[in-house]
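K.L.:
Quick one: structure below, then a few questions.
Residue numbers (this note's numbering): 59 to 447.
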């Protein structure tokens, strides 16, 4: 038989035909993976962006800051969604191969289950490289930038003050009202009430004011105003007029919100070699650092076996006009509980850093399940190989 008479999606003998099958399946897997990733990332991102939008706009930030923060969350979201997209894409492709009887033709042509799963293994390795890139480079870098910008936005009180015509509460016990803001950023007719100190309430009114930066933090400079101090216990009111007065707003920055190191922003080599002294210097639990470092590697390994489990499970079925839903449910039932295994491994490592090997419980279990499913698929495919082509 010549190659021109072969089925375009089947092997016709020889290395070239086998390579054609690999390229065909791999191309379909990548295309479907990109599609499902786009859909799932969009859904998850919209949910995250809604909460992010509310918090940023409430602090007076503009849309540009919101878009910047949204972009910085994407690497983490993609890393989270990627194994799911790879699994769904594999199920879809092999379900279509079975429905179109292409898988039957390939099996009767002499291709074993192991051979049919080779492009799936290549696909899983590509996914592992992508997860490794995201988890060990892009996501930590984006996380560090996100926390840094979050700290800057939190410390920048300008956005909280730059709203004219409404009462603003930048922090507990503080009320600010600005009638008008000039194009140069000058506050006109400022009202500021400070009730942060127990038993004392101070009210400032000023004709004009400016919010300026200094070495000791941001300060509000008021001109031509009055300061009224009310003693809430005695009811006595003291009034002072001033031509200029400086009010420090550095105290509005919550000490608990200061920049702290997040374990998710640290480089993987640093986490893997961390010791008690490093953890104490960063004020982080050593067990958390150890788990984070090993978990990044474990997630890269885990995604290799997820497509293999899905494809091998579907190969246990055969063509039916009712589909292979039974095999699909088996694949889902095998993969979904693995998150419980990961949670158990995380709890074990975080309880004792010496149990770091438990971080690899999820990929180890996935590898065992994938091997069992492949063995079952190979046993089933032997009868197809015995049928004359």
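Each residue gets a CB set at the ideal place from its N, CA and C atoms; glycine is no exception.
Remember, predicted model here, so these are calculated numbers, not experimental data.
Evaluate the contact criterion for the stretch 346-361 versus the stretch 186-206: three or more CB pairs, one atom per stretch, below 8 Å.
P.N.:
yes
K.L.:
Report all residues from its chain with a CB closer than 7 Å to the CB of residue 267; omit the five preceding and five following residues, and keep chain order.
P.N.:
245, 248, 278, 279, 280, 281
K.L.:
Taking 6 Å as the limit between beta carbons, can you name the residues of its chain near residue 359, skipping five residues before and five after?
P.N.:
421
K.L.:
Flag residue 363 as yes if its beta-carbon sits less than 7 Å from any beta-carbon of chain D, otherwise no.
P.N.:
Absent from the structure is chain D; it holds one protein chain and no more.
K.L.:
Quick one: what does DSSP say residue 261 is sitting in, helix, strand or coil?
P.N.:
strand
K.L.:
Would you mind listing the alpha helix (DSSP H) stretches within the stretch 315-353 that are 4+ residues and don't spill past its ends, in chain order?
P.N.:
Taking only runs of at least 4 residues, the alpha helix (DSSP H) segments lying wholly in the stretch 315-353 are 326-330, 334-340.
K.L.:
Using 7 Å as the threshold, is the C-beta distance between residue 304 and residue 296 below it?
P.N.:
With respect to residue 296, residue 304 sits apart: the two C-beta atoms are not nearer than 7 Å.
K.L.:
Under DSSP, the beta strand (DSSP E) around residue 280 begins and ends at which residues?
P.N.:
277-289
K.L.:
My guess is that residue 424 and residue 403 are in contact by the Cβ rule of under 8 Å, so how many angstroms apart are they, rounded?
P.N.:
No, residue 424 and residue 403 are not in contact; Cβ-Cβ is about 12 Å, not under 8 Å.
K.L.:
Which one or two residues does DSSP pair with residue 269 in a beta bridge?
P.N.:
278
K.L.:
Check each candidate in 159, 172, 188, 289 and name the one with the smallest Cα separation from residue 88.
P.N.:
It is 188 whose Cα lies nearest to the Cα of residue 88.
K.L.:
Quick one: any contact between the stretch 338-352 and the stretch 171-181, if contact means 3 or more CB pairs under 8 Å?
P.N.:
no
K.L.:
What is the rounded straight-line gap between the Cα of residue 155 and the Cα of residue 202?
P.N.:
44 Å
K.L.:
Kindly indicate the opening and closing residues of the beta strand (DSSP E) around residue 418.
P.N.:
Under the DSSP assignment, residue 418 falls outside any beta strand (DSSP E); it carries neither an H nor an E label.
K.L.:
Roughly how many angstroms lie between the CA atoms of residue 285 and residue 125, to the nearest whole one?
P.N.:
41 Å
K.L.:
Could you compute how far the alpha carbon of residue 438 sits from the alpha carbon of residue 165?
P.N.:
10 Å
K.L.:
Which value, in whole angstroms, describes the spacing of the CA atoms of residue 391 and residue 149?
P.N.:
13 Å
K.L.:
Could you work out which residue in 261, 134, 426 is closest to residue 298 when comparing CA atoms only?
P.N.:
261
K.L.:
Which residue comes first and which comes last in the alpha helix (DSSP H) that contains residue 175?
P.N.:
Run containing residue 175: none; DSSP gives neither H nor E here.
K.L.:
According to DSSP, which residues form a beta bridge with residue 202?
P.N.:
Residue 202 is not bridged to any residue.
K.L.:
Whole angstroms is fine: what's the gap from residue 77's alpha carbon to residue 184's?
P.N.:
When only Cα atoms are considered, residue 77 and residue 184 end up about 17 Å apart.
K.L.:
Going straight from the alpha carbon of residue 79 to that of residue 129, what length do you get?
P.N.:
37 Å
K.L.:
Can you tell me which of the three DSSP states residue 158 falls into?
P.N.:
In this structure, residue 158 counts as coil in the three-state DSSP scheme.
K.L.:
With DSSP as the reference, identify every bridge partner of residue 232, one or two as the case may be.
P.N.:
252
K.L.:
When burial is assigned at 16 or more other CB atoms within 10 Å of the CB, is residue 411 buried or exposed?
P.N.:
buried
K.L.:
Distance check for residue 233 and residue 226, CA to CA, integer angstroms please.
P.N.:
Taking the CA atoms as reference points, residue 226 sits about 6 Å from residue 233.
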